[in-house]
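Participant: Sharing a structure below in structure tokens format, with a few things to ask.
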């Protein structure tokens, strides 16, 4: 069993991967926009790009997502967030998902996305 | 490693199962009541019925739940939600659980439940 | 595949462990302070102590945490919660993390922490 921490900071790691024999689970930290002045579509786009980038470091893609939790500052942003999500999420590979309203740490954040993915653990661990 | 998506929609799948060698993890989407005009006990009952139904498609039952997150629109509904939960949850097989207050996507939703289960992966994948 | 429930109550278990062949996943319930009259630093300290204690029953430690979700009643408590977290979290082993604001079940609760850990499943199950 092997735990690897990616983009590791002193407080948390952006992604933690766990080898479970045949498979590897990838736990991502809650992603927020770096440019928090963007509107909901801009922030969602930035976050989904962060997720693509983190997954890619392990040879994974958005097709490997198994479960996603989306926190919205304002539930009224649901449709606008989904307009970006729906273009991004791969047909035939949609994850389980829950979306709820929550206060976010920075008052400018409009959305935060927490994701888990799973890939085959056939190769050596990078 | 095998990921299977159940009740798959273009936006999300109601359940995603991941084979991890000896075991299979089942990630369920946040479940809400279809009849959102029901009160908290009625909505909780409907949601737990959805969970039973989703698990059953994989030969799993509520005894296989390992972790559950419950989002309540009003934390004052905690006791009423629990009255339904307590009758439903199987003695000797209670999952880990967290319950928090959150705004839900539809203002009529009073509760949303997100669940993870685990079963043996001994047979062929349906 | 083996599911074991620890500190099991009729409503939920404080921790559920799942054997997945090479590894064991540990799902913890949302932890809150027993002494809810404590301030944010006191409640965070108590919760992290609960987590240490639950993990220890399986021979695990905070170094084995892979993913943590922190719910704050008041996002303004973020810095004070982190001051306790930063002293506690082990350098070189920080988990993935998400922190959001949420109403908590008891109005005195200021923080609730939900955690998942992973350990090697090499020995017999206690």
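Residue numbers (the working numbering), protein chains in the order written: chain A, 1 to 126; chain B, 1 to 126; chain C, 1 to 126.
Using N, Cα and C, we set each Cβ at its ideal position, and we do this for glycine too.
Remember, it's a predicted structure, so these values are computed and weren't measured experimentally.
Would you tell me roughly how many angstroms separate the C-alpha atoms of residue 7 (chain C) and residue 91 (chain B), rounded to the nearest one?
Facilitator: One-based indexing of the third chain puts residue 7 (chain C) at position 7. One-based indexing of the second chain puts residue 91 (chain B) at position 91. Rounded to whole angstroms, residue 7 (chain C) to residue 91 (chain B) spans 13 Å at the Cα level.
Participant: Where DSSP assigns a beta bridge to residue 6 (chain A), which residues make up the other side?
Facilitator: Your numbering for residue 6 (chain A) matches position 6 in the first chain. In DSSP, residue 6 (chain A) forms a bridge with A:15.
Participant: Tell me, to the nearest whole angstrom, how far the beta carbon of residue 116 (chain B) is from that of residue 72 (chain B); I am working on the premise that it is less than 8 Å.
Facilitator: One-based indexing of the second chain puts residue 116 (chain B) at position 116. One-based indexing of the second chain puts residue 72 (chain B) at position 72. With 8 Å as the limit, residue 116 (chain B) and residue 72 (chain B) do not qualify as a contact, their Cβ atoms being about 19 Å apart.
Participant: Let's test the definition: count the other Cβ atoms within 10 Å of the Cβ of residue 101 (chain C) and tell me whether it reaches 16, buried, or not, exposed.
Facilitator: Counting from 1 along the third chain, the entry for residue 101 (chain C) is found at position 101. By the 10 Å Cβ count, residue 101 (chain C) comes out buried.
Participant: At the level of alpha carbons, what is the spacing between residue 77 (chain C) and residue 107 (chain B)?
Facilitator: By one-based count along the third chain, residue 77 (chain C) stands at place 77. By one-based count along the second chain, residue 107 (chain B) stands at place 107. Going from the Cα of residue 77 (chain C) to the Cα of residue 107 (chain B) covers about 28 Å.
Participant: Following the continuous alpha helix (DSSP H) through residue 43 (chain C), name the residue where it begins and the one where it ends.
Facilitator: What you label residue 43 (chain C) is simply residue 43 of the third chain in a count that begins at 1. That run of the alpha helix (DSSP H) goes 40-56.
Participant: How do the region 38-57 of chain A and the region 49-62 of chain C stand: do at least 3 beta-carbon pairs fall below 8 Å, yes or no?
Facilitator: Judged by Cβ distances under 8 Å, the region 38-57 of chain A makes no contact with the region 49-62 of chain C, as fewer than three pairs qualify.
Participant: Could you work out which residues of chain A lie near residue 99 (chain C), taking near to mean beta carbons separated by less than 8 Å?
Facilitator: Residue 99 (chain C) sits at position 99 when you count from the first residue of the third chain. Per Cβ cutoff of 8 Å: 30 and 105.
Participant: Can you check whether the CB of residue 94 (chain B) is closer than 9 Å to the CB of residue 10 (chain C)?
Facilitator: Residue 10 (chain C) sits at position 10 when you count from the first residue of the third chain. Residue 94 (chain B) sits at position 94 when you count from the first residue of the second chain. For residue 10 (chain C) and residue 94 (chain B), yes; Cβs fall inside 9 Å.
Participant: Nearest by alpha-carbon distance to residue 119 (chain A): which of A:86, A:34, A:103 and A:65 is it?
Facilitator: Position 119 of the first chain holds residue 119 (chain A). Among A:86, A:34, A:103 and A:65, the Cα nearest to that of residue 119 (chain A) is on A:65.
Participant: As a quick exercise: from C:40, C:39 and C:60, pick the residue whose alpha carbon is nearest that of residue 15 (chain C).
Facilitator: Stepping through the third chain from its first residue, residue 15 (chain C) is reached at position 15. Of C:40, C:39 and C:60, the residue nearest in Cα terms is C:60.
Participant: Using a beta-carbon distance below 9 Å, is residue 9 (chain C) in contact with chain B?
Facilitator: By one-based count along the third chain, residue 9 (chain C) stands at place 9. Chain B, which has a Cβ nearer than 9 Å to the Cβ of residue 9 (chain C), makes this yes.
Participant: Within 9 Å of any Cβ in chain C, is that where the Cβ of residue 117 (chain A) sits?
Facilitator: Translated into the one-based positions of the first chain, residue 117 (chain A) becomes position 117. Taking Cβ atoms only, chain C never reaches closer than 9 Å to residue 117 (chain A), which makes this a no.
Participant: Could you tell me which residues DSSP pairs with residue 23 (chain C) in its beta bridges?
Facilitator: Your numbering for residue 23 (chain C) matches position 23 in the third chain. C:120, per the DSSP bridge assignment.
Participant: Do you know offhand how far residue 46 (chain C)'s Cα is from residue 87 (chain A)'s?
Facilitator: As a first step, residue 46 (chain C) is located in the third chain; it is residue number 46 there, counting from the start. As a first step, residue 87 (chain A) is located in the first chain; it is residue number 87 there, counting from the start. Approximately 44 Å between the Cα atoms of the pair.
Participant: Excluding the five sequence neighbours on either side, which residues of its own chain have a C-beta within less than 7 Å of the C-beta of residue 12 (chain A), listed in chain order?
Facilitator: As a working note, residue 12 (chain A) is residue 12 in the first chain. So the list reads 29, once near-sequence residues are dropped.
Participant: Taking residue 23 (chain B) and residue 1 (chain C) to be in contact with their CB atoms under 8 Å, please state how far apart those CB atoms are, rounded to whole angstroms.
Facilitator: Along the second chain, read from residue 1 onward, the residue named residue 23 (chain B) stands at position 23. Along the third chain, read from residue 1 onward, the residue named residue 1 (chain C) stands at position 1. Indeed they touch by this definition, with Cβ atoms about 4 Å apart.
Participant: Would you say residue 49 (chain C) reaches chain A, if we count a Cβ-Cβ gap shorter than 9 Å as a contact?
Facilitator: Working through the third chain from its first residue, we reach residue 49 (chain C) at position 49. Between residue 49 (chain C) and chain A, the shortest Cβ-Cβ separation is not below 9 Å.
Participant: Closer than 9 Å between beta carbons: that is the criterion. Which residues of the region 69-89 of chain B meet it against chain C?
Facilitator: Of all residues in the region 69-89 of chain B, 69, 71, 72, 74, 75, 78, 82, 85, 86 and 89 have a Cβ within less than 9 Å of some Cβ in chain C.
Participant: Checking 9 Å against the spacing of the C-beta atoms, do residue 80 (chain C) and residue 41 (chain C) come in under that value?
Facilitator: To locate residue 80 (chain C), count along the third chain from 1; it is residue 80. To locate residue 41 (chain C), count along the third chain from 1; it is residue 41. A contact, by the Cβ cut-off of 9 Å.
Participant: What span of residues does the beta strand (DSSP E) with residue 96 (chain B) cover, start to end?
Facilitator: Residue numbering aside, residue 96 (chain B) sits at position 96 when the second chain is read from its first letter. 96-101 is the span of the beta strand (DSSP E), which, as asked, contains residue 96 (chain B).
Participant: Going by C-alpha distance, which of B:70, B:74 and B:48 is nearest residue 63 (chain B)?
Facilitator: Taking the first residue of the second chain as 1, we reach residue 63 (chain B) at position 63. Checking every option, the nearest Cα to that of residue 63 (chain B) belongs to B:48.
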